[in-house]
Amino acid sequence: MKKIILVLILLVNGVSLSAQTEVARLQSFLKVGEQLDCGNYSIVIKGVISDSRCPKSVTCVWAGTAEVLLEIRKANEVWKEYRIEIGNSIDADFQLPALANINLKLLGLAPYPETPIKIKPSEYQVTIQLEEQLN
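Residue numbers (mature numbering (1 follows the signal peptide of the UniProt record, and there is no 0)): -21 to -1, 1 to 114.
What follows is the structure, given as structure tokens:
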């Protein structure tokens, strides 16, 4: 009986180990207008549509958000555009529809607002992470 239980445990562990998938991660910093090539596709940060994040030196009731326009190109033509809102807890994590094994995640937007400094559109930089499942 002990041998049967031991064999079952080993089988379950073997199955769960073989089911794990490898993930390749690429983290990149893109300024507005820059392009990141991903095989047949490329990602372009078109701009920051709005930035209402609470400046560092100010006490705010609401933390605010920023909205980024991201463009996916396929064969150098616009394929899809996404308006992505970045909030307190950056929850802009979504699956690119036609790229079943690539997941795109926005990790941050810099610089963070400071009073009375006005951020120029060309100064914004988006941190993105691409995850590709290899298995």
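No residue lacks a Cβ here, since even glycine has one placed at the ideal position from N, Cα and C.
Query                                                                                              : Result
Beta bridge counterpart(s) of Arg62 as assigned by DSSP                                            : Leu48
Limits of the unbroken beta strand (DSSP E) element including Tyr91                                : Careful: Tyr91 lies outside any beta strand (DSSP E) and carries neither H nor E.
C-beta contact flag for Val105 and Leu9 at 8 Å                                                     : yes
Cα-Cα separation, Thr38 to Lys53                                                                   : 43 Å
Residue environment, Ile28, which counts as buried when at least 16 other CB atoms sit within 10 Å : exposed
Beta-carbon proximity list for Leu(-12), same chain, < 8 Å, skipping 5 on both sides               : At Leu(-12), the pLDDT of 46 sits below 50, so the modelled position is not reliable; the number obtained from the coordinates is stated separately. Nothing listed; no residue qualifies.
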